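S.K.: Attaching a single structure in structure tokens format; questions to follow.
Number of protein chains: 2
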Amino acid sequence: MSDTKYVAIVDDHTLFRKGLASLIAVFPDYKVMFDASTGKDFIAQLNPKKLPDIVLMDISMPEMDGFATTEWLKNNYPDVKVLALSTMDAETAIIKMIKCGAKGYVLKDADLSELKLAFSELIRVGFYYNDIVSRKVMQSLTQLVDDKSELSAFMNLNENELTFIKLACSEKTYQQIAKEMFKSEKTIDGYRADIFQKLNISSRVGLAMFAIKHGIVKV
Amino acid sequence: MSDTKYVAIVDDHTLFRKGLASLIAVFPDYKVMFDASTGKDFIAQLNPKKLPDIVLMDISMPEMDGFATTEWLKNNYPDVKVLALSTMDAETAIIKMIKCGAKGYVLKDADLSELKLAFSELIRVGFYYNDIVSRKVMQSLTQLVDDKSELSAFMNLNENELTFIKLACSEKTYQQIAKEMFKSEKTIDGYRADIFQKLNISSRVGLAMFAIKHGIVKV
DNA sequence: TTAAAAAACAGGAATTATCCTATTTCATAA
DNA sequence: TTATGAAATAGGATAATTCCTGTTTTTTAA
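Just so you know, the sequences run in chain order Z and F.
Following our numbering from start to finish, the first sequence increments by one per residue and tops out at 227.
Following our numbering from start to finish, the second sequence increments by one per residue and tops out at 227.
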């Protein structure tokens, strides 16, 4: 009994996406339903009457990233299994993807047989965790014991706070930032205080360092 | 007269590499000779008796990156045309690749027809430059002129100033920094003022951003 | 040795950032 | 409707930063 399973691919790099589709095309029992360049595009193409079994999901994308899309799927179609695609250098991103509901992850430098294995494990037992990556993630998790609050706090930052942080990583004064966000200076000061407490920091420079370290702002 | 052209692929992401190979396999007139995960691997597989016409080269790789490998090719087999693969957010990397001898570049989110066009242009006229990317690169080139003064200012920082900058990228107050450097607070303030003027910045956060951007401090 | 330049240091003012403790507004679940 | 909690807003105090305009000390070069 080998009924065909359906796969969707979400990645903003066309060459990668199409290449992957071309590879999966030769898998027996698997068929690429469609591919999308962003989470938004993916949701637009999704047909509730005929859902994919597996979604190969990249993390960084314009419009709607892998985190948001995975979370959306968890809330709307929890039976669709998300397999996160990532690179080794994005450990915290992997952790975040799992929290968002990804059922497994494969590295972009995995080989074809591993992808196949990941597929069949996803179908068979519902999840797939590569040993090497798991160990890496565990390592960074235990390594982050001190940073644990930092990490979970990072997850708990809301939109306003993230916007504020980005603006704070500049030479703008809080007064200017308040204007730019259409909020009072006191509200901005409240954001600052909340963030300082959440992230356990005590100065704007510390905030800037944190933001860069965690990719909230790019240098 | 359509004689077959040979292509090699160098990229450390196996899925991307194999996917790309699978895509190119359907191009008429092009054939993937081999693929490699690093520059070192590529050179090891290279047969001087039968060189590829085109090398699709990623930039970031372990062991030997795209820059070094492209330069090596320029010095050893200048007739082999390197087509750089990159993402939009790596402008300076693209410029560096061109300086290393790449004959063209395509973005990873290009589509198949553009890749095909790049191939044929490489064969026909010897180079390929995508308009959008070209414009981006030109932009960042002119921007580099502005950064030049910034850069030379960076060179003119003395030991004390560099020490101060490193300490300033923290939650320490200037008072604490003064103690740590065995200088008076006023001397520290003088360092700060000089640095602000030299680097044309106006706040400690700006200084921290500069320091990270230029590798004075690591995140 | 001496003049010039560079480095260290200072007083004081203005601005910004930080840190308290409240109150008001608003959506939303009971 | 009302209770509840989160988000926004405030006043006011203190600390830190930024920005002036100087003087003193040390180094360097003629």
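For each residue, glycine too, the CB sits at the ideal point set by N, CA and C.
Because the structure is a prediction, the values reported are computed rather than measured.
Near Asp-139/Z, what residues of its chain come up, given a Cβ to Cβ distance below 6 Å and the 5 sequence neighbours on each side ignored?
M.R.: Around Asp-139/Z: no qualifying Cβ.
S.K.: Quick one: Cα of Met-65/Z to Cα of His-21/Z, how far?
M.R.: Rounded to the nearest angstrom, the two C-alpha atoms are 12 Å apart.
S.K.: Work out the CA separation of Lys-206/Z and Glu-158/Z for me, nearest whole Å.
M.R.: A caution first: Glu-158/Z carries a pLDDT of 49, below 50, which makes its placement in the model unreliable, though a value can still be read off. Taking the straight line joining both Cα atoms gives about 7 Å.
S.K.: Kindly indicate which residue of Leu-93/Z, Glu-122/Z, Ser-128/Z and Gly-134/Z has the alpha-carbon position closest to the one of Lys-111/Z.
M.R.: The candidate whose alpha carbon is nearest that of Lys-111/Z is Gly-134/Z.
S.K.: Determine which residues of the region 10–40 of chain F have a Cβ less than 7 Å from any Cβ of chain Z, and write them out in chain order.
M.R.: Per Cβ criterion, the list reads Asp-20, His-21, Thr-22, Leu-23, Phe-24, Lys-26, Gly-27, Leu-28, Ser-30 and Leu-31.
S.K.: Does the beta-carbon of Asp-197/F have 16 or more other beta-carbons within 10 angstroms, so that it is buried, or is it exposed?
M.R.: Classification for Asp-197/F: exposed.
S.K.: Output yes if chain Z places a C-beta closer than 8 Å to the C-beta of Val-213/F; else output no.
M.R.: At least one chain Z Cβ lies under 8 Å of Val-213/F.
S.K.: Under 8 Å: do the region 77–94 of chain Z and the region 55–64 of chain Z share three or more Cβ pairs, one atom per stretch?
M.R.: Yes: at least three Cβ pairs fall under 8 Å.
S.K.: In angstroms, rounded to a whole number, what distance separates the CA positions of Asp-155/Z and Val-213/Z?
M.R.: Unreliable positioning characterises Asp-155/Z in this predicted model, as indicated by a pLDDT of 48, which lies under 50. A coordinate reading is not provided.
S.K.: Assuming Met-217/F is part of the alpha helix (DSSP H), what are its boundary residues?
M.R.: Element bounds for Met-217/F: 212–221.
S.K.: So for Phe-75/F, helix, strand or coil by DSSP?
M.R.: DSSP places Phe-75/F in helix when its eight states are reduced to three.
S.K.: By Cβ distance, which residues of its chain are closer than 7 Å to Phe-42/F, with the 5 residues on each side in sequence left out?
M.R.: If we look at Phe-42/F and ignore the five residues flanking it on each side, its Cβ neighbours are Ala-16 and Gln-53.
S.K.: When the Cα atoms are used, what is the spatial distance from Asp-11/F to Asp-87/F?
M.R.: Spanning the two alpha carbons is a distance of roughly 17 Å.
S.K.: Using Cβ-Cβ distances below 9 Å, what residues of the region 48–65 of chain Z are close to chain F?
M.R.: The residues in question: there are none.
S.K.: Given that a residue counts as buried once 16 or more other Cβ atoms are within 10 Å of its Cβ, and exposed if not, what is Phe-172/Z?
M.R.: Answer is buried; the Cβ neighbour count reaches 16.
S.K.: What residue does the alpha helix (DSSP H) around Ala-29/Z start on, and which one ends it?
M.R.: That run of the alpha helix (DSSP H) goes 22–32.
S.K.: Which value, in whole angstroms, describes the spacing of the CA atoms of Ser-30/Z and Leu-28/F?
M.R.: Each residue's Cα considered, the two are about 9 Å apart.
S.K.: Once the 5 residues before and after Lys-180/Z are set aside, which same chain residues still bring their CB inside 8 Å of it?
M.R.: Glu-188.
S.K.: For Ser-128/F and Val-40/F, I'd like the C-alpha separation in whole angstroms.
M.R.: For Ser-128/F and Val-40/F, the distance between alpha carbons rounds to 15 Å.
S.K.: In angstroms, rounded to a whole number, what distance separates the CA positions of Lys-104/F and Ser-192/Z?
M.R.: So the two alpha carbons sit approximately 45 Å from each other.
S.K.: Who are the neighbours of Leu-120/Z on chain F, taking C-beta pairs under 9 Å?
M.R.: Those are Thr-22, Leu-23 and Lys-26, listed as they occur along chain F.
S.K.: By alpha-carbon positions, which one of His-222/F, Leu-115/F, Asp-19/F and Tyr-14/F ends up nearest to Asn-55/F?
M.R.: Taking only the C-alpha atoms, the option nearest Asn-55/F is Tyr-14/F.
S.K.: On the premise that Leu-170/F lies in contact with Ile-224/F, defined as a C-beta separation below 8 Å, what is that separation, rounded to the nearest angstrom?
M.R.: Confirmed, about 6 Å.
S.K.: Could you check if Ala-216/F is buried or exposed, using at least 16 other CB atoms within 10 Å of its CB as the buried criterion?
M.R.: Classification of Ala-216/F: buried, given that the 10 Å Cβ count is 16 or more.
S.K.: Show which residues of chain Z have a CB atom less than 9 Å away from the CB atom of Cys-108/F.
M.R.: Chain Z residues near Cys-108/F: none, gap ~21 Å exceeds 9 Å.
S.K.: Of all the residues that make up the region 160–183 of chain F, which are near chain Z by a beta-carbon distance shorter than 8 Å?
M.R.: Within the region 160–183 of chain F, the residues whose Cβ lies closer than 8 Å to some Cβ of chain Z are Ala-176, Cys-177, Ser-178 and Glu-179, listed in chain order.
S.K.: Using the beta-carbon of each residue, which ones in chain F are nearer than 7 Å to Ala-216/Z?
M.R.: Simply Val-213, Ala-216 and Met-217.
S.K.: Along chain F, in chain order, which residues have C-beta atoms closer than 8 Å to that of Leu-123/Z?
M.R.: Within 8 Å Cβ-Cβ: Leu-23.
S.K.: Going by beta-carbon coordinates alone, are Thr-95/F and Met-69/F separated by less than 8 Å?
M.R.: The answer is no: Cβ separation not under 8 Å.
S.K.: Would the beta-carbon of Lys-116/F fall within 8 Å of that of Leu-120/Z?
M.R.: In this structure, Leu-120/Z does not lie closer than 8 Å to Lys-116/F by Cβ.
S.K.: Taking a contact to mean a Cβ-Cβ separation below 8 Å, would you say Val-67/F touches Ala-92/F in this structure?
M.R.: With the sequence shown as reference, residue 67/F is identified as Ile, and Val is not the correct amino acid for it. Yes, they are a contact pair.
S.K.: Considering only residues of the same chain and omitting the five flanking positions on each side of Lys-82/Z, which have a CB-CB separation below 6 Å?
M.R.: Same-chain partners within the cutoff: Gly-109.
S.K.: Measuring only between beta-carbons, confirm whether Ile-103/Z sits less than 8 Å from chain F.
M.R.: No, Ile-103/Z lies away from the interface with chain F (no Cβ there is under 8 Å from its Cβ).
S.K.: Could you give the distance in angstroms between the alpha-carbon of Val-153/Z and the alpha-carbon of Glu-71/Z?
M.R.: Residue placement at Val-153/Z is poorly supported in this model, since its pLDDT is 46, which falls under 50; the coordinates are not used for a value here.
S.K.: Quick one: Cα of Lys-124/Z to Cα of Tyr-38/Z, how far?
M.R.: When rounded, the distance between both Cα atoms is 9 Å.
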